[in-house]
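For the sequence shown, my numbering assigns the number 204 to the initial residue and increments by one for each residue that follows.
To keep things clear, I will list the structure first and then write my remarks on it.
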Amino acid sequence: MNNYADDVRGDDFEAKVIQASYHTPVLVDFWAAWCGPCRVLKPILEKLAEEYGGRFRLAKVDSDAEQALAQRYGVRGIPDVRLFVDGKIVDGFSGALPESRIRAFLEPHLPSLAEPLRLEARRLAAAGDIPAALAVLDEALARDPAFEAARLDQIELRIDNGDLEPAASLIKALEYRARDEDRLKTLQARLALRNNQPQTASAAELEARLAAAPEDLDARFALATLLAGQADYEPALRHLLEIVRRDRGYRDDIGRKTMLQLFDLMGADPLVREFRAELAALLNR
Numbered sequence: 204m205n206n207y208a209d210d211v212r213g214d215d216f217e218a219k220v221i222q223a224s225y226h227t228p229v230l231v232d233f234w235a236a237w238c239g240p241c242r243v244l245k246p247i248l249e250k251l252a253e254e255y256g257g258r259f260r261l262a263k264v265d266s267d268a269e270q271a272l273a274q275r276y277g278v279r280g281i282p283d284v285r286l287f288v289d290g291k292i293v294d295g296f297s298g299a300l301p302e303s304r305i306r307a308f309l310e311p312h313l314p315s316l317a318e319p320l321r322l323e324a325r326r327l328a329a330a331g332d333i334p335a336a337l338a339v340l341d342e343a344l345a346r347d348p349a350f351e352a353a354r355l356d357q358i359e360l361r362i363d364n365g366d367l368e369p370a371a372s373l374i375k376a377l378e379y380r381a382r383d384e385d386r387l388k389t390l391q392a393r394l395a396l397r398n399n400q401p402q403t404a405s406a407a408e409l410e411a412r413l414a415a416a417p418e419d420l421d422a423r424f425a426l427a428t429l430l431a432g433q434a435d436y437e438p439a440l441r442h443l444l445e446i447v448r449r450d451r452g453y454r455d456d457i458g459r460k461t462m463l464q465l466f467d468l469m470g471a472d473p474l475v476r477e478f479r480a481e482l483a484a485l486l487n488r
C-alpha cells in the first residue's frame with residue numbers, strides 16, 4: 204500500500220487534487236488499463252511518491268472510467284501526467300519517461316527538504332524572536348542553498364529588523380533570477396520605503412505640525428511613510444498625493460516615486476487602482 208498515492212475520481216478530484224495542491228504538489232497520472240506505456244510508468248510514479256515521502260502526492264485517474272475529467276484537461280493521449288501546485292497546472296509530460304527524467308521534472312517544483320526549518324523560523328518570528336528565526340533560516344539555507352523561499356523570508360526579516368544593508372545585498376543577489384518575482388518585487392518596495400523613511404516624531408506630533416502648517420512637506424512626507432510602515436495605506440497615499448499636488452519637484456519627485464513603491468507593495472489592493480487614477484489625473488491636468 205502506498206501512503207502517498209490515491210485513485211481519484213471525478214467526485215473527489217476537487218478535494219484530492221485541486222484543494223490538496225495548495226498544501227502539497229499533486230502529480231496526476233491519466234492512465235488506462237489497456238495502455239502499455241501506462242503500465243510501465245505507473246509503478247515508477249508510485250515508487251517515487253513513496254520514496255519522496257510526501258513531498259508530492261500521486262493522483263491516479265483512469266481516463267476510461269473518468270472521461271469527463273480527461274476531456275476537461277484536454278487529455279488526447281496516455282499516459283498524460285500533469286503537476287498541480289496551488290490549484291493550477293504548472294507542468295506536465297506525456298509518455299513513459301525514464302525515472303531519471305521524471306526526477307528532473309519533479310525537483311524544481313517540490314518543497315525543499317529544509318522546509319520544516321523554514322516553518323520553524325516563521326513560528327519564531329511570529330513569537331517576536333527575530334535573531335533565533337534568522338539563525339534557523341541560516342541553517343535551512345546551509346542545508347539547501349537554492350531554497351529561495353527561505354532566502355526571501357530572510358530578506359523580509361532583515362527589513363523588519365532594520366538591517367537594511369544586508370537586506371539590500373540579499374535582494375541584489377536574487378535579482379533577475381528569482382522564480383517568485385512578485386514577492387521579490389514586494390520586498391524591493393518595502394526596502395525602498397524603509398530607506399526613505401526618516402527618523403521622525405510620532406504621528407500625533409506630525410499631524411499637529413500639519414494642522415499648523417499644511418505646506419510643511421517634510422512633516423507630510425514623514426507622516427506618510429510612518430503610516431505606510433504601519434500598513435495604513437489610504438491616508439499614506441492621500442498625503443503623498445498632496446505632496447505631488449503641492450510640489451512635484453519636492454525631494455526629486457519623492458511623493459510620486461513613493462506612491463509607485465506603495466503600489467508595488469500593495470499588489471491587488473483596490474486602493475491601488477483608485478490612487479493610480481487620481482495620480483494620473485493630477486499629472487495629466
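Beta carbons are placed, not taken as given, at the ideal position from N, Cα and C, and that holds for glycine.
C-alpha distance - residue i paired with residue j, whole-angstrom precision
i: Leu-440; j: Lys-250; result: 55 Å
i: Leu-486; j: Val-447; result: 8 Å
i: Phe-287; j: Ala-471; result: 24 Å
i: Asp-385; j: Val-475; result: 16 Å
i: Pro-301; j: Ala-480; result: 54 Å
i: Val-293; j: Ala-352; result: 18 Å
i: Leu-390; j: Ala-376; result: 13 Å
i: Gln-464; j: Tyr-379; result: 19 Å
i: Ile-374; j: Asp-363; result: 14 Å
i: Ala-411; j: Glu-418; result: 13 Å
DSSP state of residue i mapped onto helix, strand, coil
i: Phe-424; result: helix
i: Val-231; result: strand
i: Val-264; result: strand
i: Ala-208; result: strand
i: Ser-297; result: strand
i: Cys-238; result: coil
i: Tyr-276; result: coil
i: Ile-281; result: coil
i: Ser-372; result: helix
i: Tyr-436; result: helix
DSSP beta-bridge partners of residue i
i: Met-292; result: As written in the sequence, residue 292 is Ile, which differs from the Met given in the question. According to DSSP, which records beta bridges pairwise, Ile-292 is partnered with Phe-287.
Buried versus exposed, by CB contacts within 10 Å (16 or more), residue i
i: Gly-239; result: exposed
i: Ser-405; result: exposed
i: Pro-334; result: exposed
i: Tyr-225; result: exposed
i: Gly-458; result: buried
i: Lys-263; result: buried
i: Asp-265; result: buried
Inter-stretch contact (C-beta, 8 Å, three-pair minimum) for the segment 224 to 241 and the segment 281 to 290: Contact holds: three or more Cβ-Cβ distances are below 8 Å.
Any 3 or more C-beta pairs closer than 8 Å across the segment 215 to 226 and the segment 238 to 249: Contact fails: fewer than three Cβ-Cβ distances are below 8 Å.
Touching by the beta-carbon criterion (3+ pairs, under 8 Å), the segment 308 to 324 and the segment 267 to 281: No contact exists between the segment 308 to 324 and the segment 267 to 281.
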